[in-house]
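To keep things clear, I will list the structure first and then write my remarks on it.
In the UniProt record's numbering, the protein residues as written are 1 to 346.
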């Protein structure tokens with residue numbers, strides 16, 4: 001038999017389970033209420049959305065009715081058609097008075113029929129011919145006034161033939177422009193230009209790269225407005241990063257940046273004026289020393305571009321070249337006044 005303590009424990013357990021079931025039921029009820037509120041909120045939101053959509057449709061319909069009722073701007077053609085209809089209405093009472101119960105038609109009836117035929121023929125001709133000049137001017141005037149409403153009735157008077165004429169010429173500029181740029185770039189790449197990675201280790205390399213591009217531009221007769229785009233195409237790594245920053249500083253439109261602006265920015269970054277002066281001074285002090293004639297000739301050609309005023313003529317160039325040779329070689333000349341290239345002297 002169960003003693004009092006066991007019975008108390010059993011009752012406590014039953015009571016605990018009962019409370020647990022009640023809590024679970026309450027939790028389920030709360031969840032159900034929450035779901036119902038969410039569902040109700042979604043329905044209300046959807047209903048408000050539908051109401052807004054219907055209201056917009058009603059507004060559009062009211063605008064259309066206003067146009068149909070003649071409250072919108074009318075074209076000269078519509079005024080002519082309206083006058084014609086009024087003229088027919090004026091003839092109607094006369095027709096009722098003149099028409100008799102006979103098989104023959106009255107003069108008024110015949111006149112109305114002729115006018116209707118002329119009117120129909122005129123409208124058909126207008127539709128084939130497209131919008132009149134007055135109607136086009138009205139449309140342009142409406143656009144200039146900043147109308148933001150839907151298209152007015154005169155715009156709908158364009159037929160397919162007139163629209164096709166407009167679209168025939170309008171979109172052709174961009175493809176032609178792109179094809180011209182692509183042609184210049186294709187011609188530029190035929191000369192196998194070198195790339196420039198934006199390295200600052202050898203400044204003379206930057207100057208030689210830019211000089212090689214100008215040589216290519218001269219041979220291919222590249223237009224001024226295409227030079228920058230061709231040069232940018234050959235930038236890589238740090239060179240590309242430099243150009244992205246420079247382009248923003250110069251306005252952000254590569255087609256509006258001149259070749260002179262590009263060169264000034266390029267030299268300021270990769271070949272400063274102080275460095276160019278140093279290279280010029282190095283050319284002025286250039287001597288053969290321990291170099292072979294071949295090595296001296298290459299160094300002379302590379303540095304001479306920094307002092308073009310010193311070698312403006314072939315005679316001045318030859319004189320500067322010979323004065324830099326070792327004394328034991330200066331007596332050996334060529335027809336051009338320079339030693340034979342390729343000859344090596346220790």
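C-beta atoms are modelled at their ideal positions from N, C-alpha and C, and glycine is treated no differently.
request  = Going by CA-CA distance only, name the one from 284, 314, 311 that's closest to residue 324.
outcome  = By alpha-carbon distance to residue 324, the top candidate from 284, 314, 311 is 284.
ask   = From which residue to which residue does the alpha helix (DSSP H) around residue 205 run?
value = 203 to 220
query = What distance in whole Å lies between the Cβ atoms of residue 266 and residue 200, which are believed to be in contact at a cut-off of 8 Å?
reply = Contact between residue 200 and residue 266 is absent: CB atoms are separated by about 12 Å, not below the 8 Å threshold.
7 Å Cβ shell around residue 259 - same chain, five flanking residues per side excluded = 224, 227, 228
query = Can you tell me whether DSSP reads residue 352 as helix, strand or coil?
reply = Residue 352 is absent from the model: the chain starts at 1 and stops at 346.
inquiry  = Quick check for students: name the residue ranges of the alpha helix (DSSP H) that lie wholly in the stretch 223 to 287, counting only runs of 4 or more.
reply    = Counting only runs of 4+ residues, the alpha helix (DSSP H) found wholly inside the stretch 223 to 287 occupies 224 to 233, 238 to 249, 259 to 270, 273 to 284, in chain order.
Nearest-angstrom Cβ-Cβ length linking residue 196 and residue 235, presumed shorter than 8 Å = Yes, residue 196 and residue 235 are in contact; Cβ-Cβ is about 6 Å, under 8 Å.
8 Å Cβ cutoff met for residue 312 and residue 280 = With a cutoff of 8 Å on beta-carbon distance, residue 312 and residue 280 are scored as not near each other.
ask   = CA-CA distance, residue 198 and residue 209?
value = 11 Å
query = Shortest alpha-carbon distance to residue 221 belongs to which of 303, 187, 194, 206?
reply = Of 303, 187, 194, 206, the residue nearest in Cα terms is 187.
ask   = Would you report the Cα separation of residue 56 and residue 38, rounded to the nearest angstrom?
value = 27 Å
task = Alpha carbon to alpha carbon, how far is residue 182 from residue 263? Give it in angstroms, no decimals.
result = Their Cα atoms are separated by approximately 22 Å.
ask   = If you draw a straight line from the C-alpha of residue 218 to the C-alpha of residue 328, how long is it?
value = 40 Å
query = Near residue 275, which residues of its chain fall below 6 Å by C-beta distance, leaving aside the five closest residues on each side in sequence?
reply = 203
message = Can you give me the C-alpha to C-alpha distance between residue 47 and residue 54, rounded to a whole angstrom?
response = 10 Å
message = Between which two residues does the alpha helix (DSSP H) holding residue 330 run?
response = It is not in any alpha helix (DSSP H) - residue 330 carries neither H nor E in the DSSP assignment.
ask   = Between which two residues does the alpha helix (DSSP H) containing residue 309 stretch?
value = No alpha helix (DSSP H) holds residue 309; DSSP gives it neither H nor E.
ask   = Straight-line CA distance for residue 69 to residue 257?
value = 55 Å
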